[in-house]
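Trainee: So that we are looking at the same thing, I have put the structure below in structure tokens.
Numbering (UniProt numbering), first residue to last: 1 to 347.
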């Protein structure tokens, strides 16, 4: 869109001729006054990032026992289907042999009774009972054999061995993780973004990643996830950027620089068109996914306005609908606002 671009100017007080009585319900805010002025620029925003695996899989045994084999160490690459750990099968092998002997005995008993039954010398109930005993013994032997199978742990996907939570000689319990497997066929970059900037980005936003350990060759990725809850003890939100791992050179834990390039101003918009630019931090998203912000009206009350956002610029975000271009947009203190809340501009 061409023409004059509307930007924002800080308003730090009211007119000297205006006296506003404040009460206990009045909230102090800061506002931007929309006016036609300058154009946008195309400066990139750079963040520190850390690579992490696309998937981190905790591997555990389904049976308990003493670990006897751990053929790989942390950082080793394994292929799908490779044996990565095993536990002592002696107890389970003995149980299986005992169950197998019981199944063999039950089979012989059933065969003998069935032959007698065919001659009419024994009741059918006796034959059915022998058959049932044989089937139960066979099922028990099969179940015990599965315990032997579960003493071996195989890699479900190709990847790198991560943390090892146990070593050979330790006793592993059912479901107790013994090692991590990192699926690095694709990786994600983890970036912590301040609360006043997180709304700049959404799934699909392009990013350029440079990794010092790999010569800072630029890699292209796109935002895959935008966090919705702040990180513990901070006002930052996680953003994850997906990038392919061609050649498997990217490894979890590598540090990188991430650049989100701000868009340039459109130059081919119809003559006379105006673009309303508001600070990104003023735009919020409700539980239904609708964008909205608050303005201050002439009665010094907050008014909620649903808006449609457009192009992201370095100095704000374009509003395609919902504003006329002469409002006072509330940019600070809006977290506690509701429609028609009395407000006063901070001095």
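Glycine included, C-beta positions come from ideal geometry on N, C-alpha and C.
1. For residue 141, which residues from the same chain have a beta carbon less than 6 Å from its beta carbon, with the 5 sequence-adjacent residues on both sides left out?
2. Going by DSSP in three states, residue 260 sits in which element: helix, strand or coil?
3. Going along the chain, which residues of its own chain have a beta-carbon closer than 6 Å to the beta-carbon of residue 70, five neighbours each way excluded?
4. Just the C-alpha distance for residue 336 and residue 80, rounded to the nearest angstrom, thanks.
5. Under a three-way DSSP split, which group does residue 323 fall into?
6. So what does residue 356 bridge to, in DSSP terms?
7. Report the CB separation of residue 172 from residue 57 in whole angstroms; it is logged as a contact under 8 Å.
8. Could you check if residue 92 is buried or exposed, using at least 16 other CB atoms within 10 Å of its CB as the buried criterion?
9. For the beta strand (DSSP E) that contains residue 189, what are its first and last residues?
10. Taking all protein chains shown into account, decide if residue 112 is buried (16 or more other Cβ within 10 angstroms of its Cβ) or exposed.
11. Would you please state the rounded distance, in angstroms, between the beta carbons of residue 345 and residue 29? I believe it to be under 8 Å.
12. What does residue 296 pair with, by DSSP beta-bridge criteria?
13. DSSP three-state label for residue 212, please.
14. In chain order, which alpha helix (DSSP H) runs of at least 4 residues are fully inside the stretch 64–127?
15. So, residue 361 versus residue 182, is the Cβ gap smaller than 8 Å?
16. If distances are taken between C-alpha atoms only, which option among 340, 317, 329 comes closest to residue 299?
17. Name, in chain order, the residues that DSSP records as bridge partners for residue 252.
18. Where residue 107 and residue 118 are concerned, what is the direct C-alpha to C-alpha distance, given to the nearest angstrom?
19. So does the stretch 222–229 actually touch the stretch 244–259, counting three or more Cβ pairs closer than 8 Å?
20. Does the distance from the CB of residue 236 to the CB of residue 194 come in under 8 Å?
21. State yes or no: is the C-beta of residue 253 within less than 8 Å of the C-beta of residue 160?
22. How close, in whole Å, do the beta carbons of residue 83 and residue 154 come, if the pair is a contact with beta carbons under 8 Å?
23. Which first and last residues belong to the beta strand (DSSP E) in which residue 223 is found?
24. Mind checking whether residue 388 and residue 232 have CB atoms under 8 Å apart?
25. Judging by CA-CA distance, which residue of 66, 246, 316, 53 is the nearest neighbour of residue 150?
26. Given this structure, state the Cα-to-Cα distance separating residue 208 from residue 304, to the nearest angstrom.
27. Tell me whether the beta-carbon of residue 319 lies closer than 8 Å to the beta-carbon of residue 309.
28. If contacts are defined as beta-carbon pairs under 8 Å, then residue 329 and residue 34 qualify, I think. What distance do you get, rounded to the angstrom?
29. Within 8 Å of any Cβ in chain D, is that where the Cβ of residue 66 sits?
30. Decide if residue 46 is buried, meaning its Cβ has at least 16 other Cβ atoms within 10 Å, or exposed.
31. Residues bridged to residue 147 by DSSP?
32. Quick one: what does DSSP say residue 340 is sitting in, helix, strand or coil?
Mentor: Straight from the coordinates:
1. 99, 100, 103
2. strand
3. 85, 168
4. 52 Å
5. coil
6. Residue numbering for the chain in the displayed model covers 1 to 347; residue 356 lies beyond these limits and cannot be assessed.
7. About 16 Å; that fails the 8 Å criterion.
8. buried
9. 177–194
10. exposed
11. 6 Å
12. 302, 328
13. helix
14. 90–118
15. There is simply no residue 361 to check, as the chain begins at 1 and stops at 347 in what is shown.
16. 340
17. Note: residue 252 sits in no beta bridge, so no partner.
18. 16 Å
19. no
20. yes
21. no
22. 6 Å
23. 219–226
24. The shown model of the chain, from 1 to 347, leaves out residue 388, and the question about it has no answer.
25. 66
26. 36 Å
27. yes
28. 7 Å
29. Among the protein chains of the structure shown there is no chain D, as only one such chain exists.
30. exposed
31. Bridge partners of residue 147: none, in fact.
32. coil
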